[in-house]
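Protein chains in written order, with this note's numbering: chain A, 1 to 313; chain B, 1 to 178.
As structure tokens, the structure follows; a few thoughts come after it.
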């Protein structure tokens, strides 16, 4: 069965949804403002004759017309990073600030992590964690190529992430901390939203995986809320359409941890749909409607889900 | 068995903060923050204020990392900022990523390459460049892109030859810019 069929009842225009899912995605790059400006990166692409088109909602996100991002001069200088257009959303929802303490729970290979670092002006403490040691080397390589210097890399299971390395037990020691201002949970998921880039995800999809990965997602999001300071922000994102991995995860954590869903400012010109409050036999907390769903036909991107939570004071 | 808590050893599993000055040094051979910044300023004539707000760390013998924030010392994690320099050898060796990040305004020991030379450099080739009449040793290799000079990486200049130290994973076969 094509798993996309199960989401047909959720979309406003079924035909457009299925059509969009069939089309390959263009190659997209984000300008890395740690090392250059948008204007200079664009000038370098122009000089080299690399054709691109800026997206209409973000001046620093450019669609390349035919080349792959790894083969031009601005890429060599670390001015550009290949990143799917829609995956720029969670960092925008997170809205990290220079000097803050921020945790990216599932950071490798680092597209969103390095975007967060740039939004922090590369200042503060950005903890990039991943449970997979092999993938951590990709995170480190990307971060260093992009000139990121505020990243601390850890290799833990995010579900029981320990603050001990950061000195939670010695809070009078200089540099120690036990809470974050903001946390991004860009969770492992069944990834149907990436089918335009990698159609194999649809063949590999099965309900058993949805159920097992939902358990992991709940564990990571709970831990994220627990280590965020009162009034702080947690963003939960996936690239799946499955409500079991999205709204159901939020509903589970809302019931067990001290936090609430809040609206976030979707960039002008970017179309989204609200989170769903009912799915099959399940009903979710009405506030999950504040989460934003992105279907591929809405902005000609991959599929995505982004929710913003505030930890209660 | 090695005492992992001994303060006078350089233990490879954790990041240890560099002492502020050589008077504060506990671990033999570890450079101080002051010596490190002096080295960058002396070698490339960059503004020392670039390193304000940075903390410097050693993990493993001679591998120096720069972090733009504060954490506890020592700290046992997988990475902390950027690897910027290899010390504990006769000539300290800066990293490609560090000169790209910190040497944009360097005025000393910067070798400006022509479009063809820049192309060969990023592909990892060594080249005979007899016209250079500056210092030998580790230089910042730079070229012009989008109307301004930009560092490419680190070249080792010896006997008229510029050796590219661009790591294999960063080497690219790019077009020659006009």
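In this text, a Cβ means the ideal position worked out from N, Cα and C, and glycines have one as well.
Bear in mind that the values here come from a model prediction, so they are computed numbers and not experimental data.
Beta-carbon proximity list for residue i, same chain, < 6 Å, skipping 5 on both sides
i: residue 53 of chain A; result: 63
i: residue 131 of chain A; result: 157
i: residue 273 of chain A; result: 293
i: residue 186 of chain A; result: 90, 106, 112, 237
i: residue 301 of chain A; result: 85, 86
i: residue 168 of chain B; result: none
i: residue 99 of chain A; result: 123, 124
i: residue 127 of chain B; result: 120, 162
i: residue 57 of chain B; result: 15, 17, 65, 80
Own chain residues within Cβ distance below 7 Å of residue i, not counting five before or after
i: residue 63 of chain B; result: 83, 86
i: residue 191 of chain A; result: 201, 239, 240
i: residue 51 of chain B; result: 37
i: residue 41 of chain A; result: 31, 74, 79, 80
i: residue 283 of chain A; result: 277
i: residue 24 of chain A; result: 196
i: residue 97 of chain A; result: 120
i: residue 125 of chain B; result: 164
i: residue 39 of chain B; result: 92
i: residue 171 of chain B; result: 122, 123, 124
Residue closest to residue i, alpha-carbon to alpha-carbon, out of the options
i: residue 267 of chain A; options: A:10, A:185, A:86, A:78; result: A:86
i: residue 51 of chain A; options: A:35, A:57, A:72; result: A:72
i: residue 255 of chain A; options: A:275, A:221, A:281, A:243; result: A:221
i: residue 161 of chain A; options: B:116, B:132, B:77; result: B:77
i: residue 58 of chain A; options: A:299, A:22, A:310; result: A:299
i: residue 71 of chain B; options: A:121, A:246, A:227, A:168; result: A:168
i: residue 90 of chain B; options: B:138, B:175, B:151; result: B:138
i: residue 149 of chain B; options: B:105, B:176, B:135; result: B:105
i: residue 231 of chain A; options: A:49, A:180, A:77, A:286; result: A:180
i: residue 290 of chain A; options: A:45, A:82, A:262, A:218; result: A:262
i: residue 83 of chain A; options: A:146, A:120, A:48; result: A:146
i: residue 146 of chain B; options: A:304, A:45, A:5; result: A:45
i: residue 56 of chain A; options: A:270, A:275, A:242, A:286; result: A:270
i: residue 34 of chain A; options: A:253, A:246, A:114; result: A:114
i: residue 286 of chain A; options: A:18, A:250, A:257; result: A:250
i: residue 242 of chain A; options: A:207, A:27, A:199; result: A:207
i: residue 45 of chain B; options: B:107, B:171, B:132, B:100; result: B:107
i: residue 54 of chain B; options: B:60, B:88, B:68, B:61; result: B:68
Sheet register partners of residue i (DSSP bridge)
i: residue 82 of chain A; result: A:29
i: residue 52 of chain A; result: A:64
i: residue 129 of chain A; result: A:154
i: residue 139 of chain B; result: B:155
i: residue 79 of chain B; result: A:153
i: residue 55 of chain B; result: B:67
i: residue 93 of chain B; result: B:86
i: residue 309 of chain A; result: A:234, A:261
i: residue 145 of chain B; result: B:148
i: residue 16 of chain B; result: B:58
i: residue 5 of chain A; result: According to DSSP, residue 5 of chain A bridges with nothing at all.
i: residue 128 of chain B; result: B:161
i: residue 111 of chain B; result: B:141
Nonlocal neighbours in the same chain, by C-beta distance under 8 Å from residue i, ignoring five residues either side
i: residue 2 of chain A; result: 202
i: residue 1 of chain B; result: Its pLDDT being 40, under 50, residue 1 of chain B is placed unreliably by the model, and nothing is read from it.
i: residue 116 of chain B; result: 176
i: residue 95 of chain B; result: 82, 83, 84, 85, 86, 154
i: residue 130 of chain B; result: 160
i: residue 216 of chain A; result: 159, 187, 188
Distance CB(residue i)-CB(residue j) smaller than 7 Å
i: residue 264 of chain A; j: residue 229 of chain A; result: no
i: residue 150 of chain A; j: residue 136 of chain A; result: no
i: residue 113 of chain B; j: residue 159 of chain B; result: no
i: residue 153 of chain B; j: residue 162 of chain B; result: no
i: residue 164 of chain B; j: residue 102 of chain B; result: no
i: residue 184 of chain A; j: residue 126 of chain A; result: no
i: residue 296 of chain A; j: residue 20 of chain A; result: yes
i: residue 102 of chain A; j: residue 182 of chain A; result: yes
i: residue 21 of chain B; j: residue 34 of chain B; result: yes
i: residue 311 of chain A; j: residue 259 of chain A; result: yes
i: residue 144 of chain A; j: residue 109 of chain B; result: no
i: residue 173 of chain A; j: residue 163 of chain A; result: no
i: residue 140 of chain A; j: residue 219 of chain A; result: no
i: residue 123 of chain B; j: residue 173 of chain B; result: yes
i: residue 329 of chain A; j: residue 246 of chain A; result: No answer is possible for residue 329 of chain A: it lies beyond the span of chain A, which begins at 1 and ends at 313.
**Asked** Residue ranges of each beta strand (DSSP E) run of no fewer than 3 residues wholly in the region 96-127 of chain A, ordered along the chain?
**Response** 101-104
**Message:** What ranges does the alpha helix (DSSP H) occupy inside the region 19-44 of chain B, keeping only unbroken runs of at least 4 residues that lie completely in it?
**Reply:** 33-44
**Message:** To test your reading of the DSSP string, which unbroken beta strand (DSSP E) runs of 3 or more residues are found completely within the region 251-307 of chain A?
**Reply:** 259-262, 292-294
**Prompt:** Quick one: complete beta strand (DSSP E) runs, 3+ long, within the region 170-245 of chain A?
**Reply:** 180-186, 228-238
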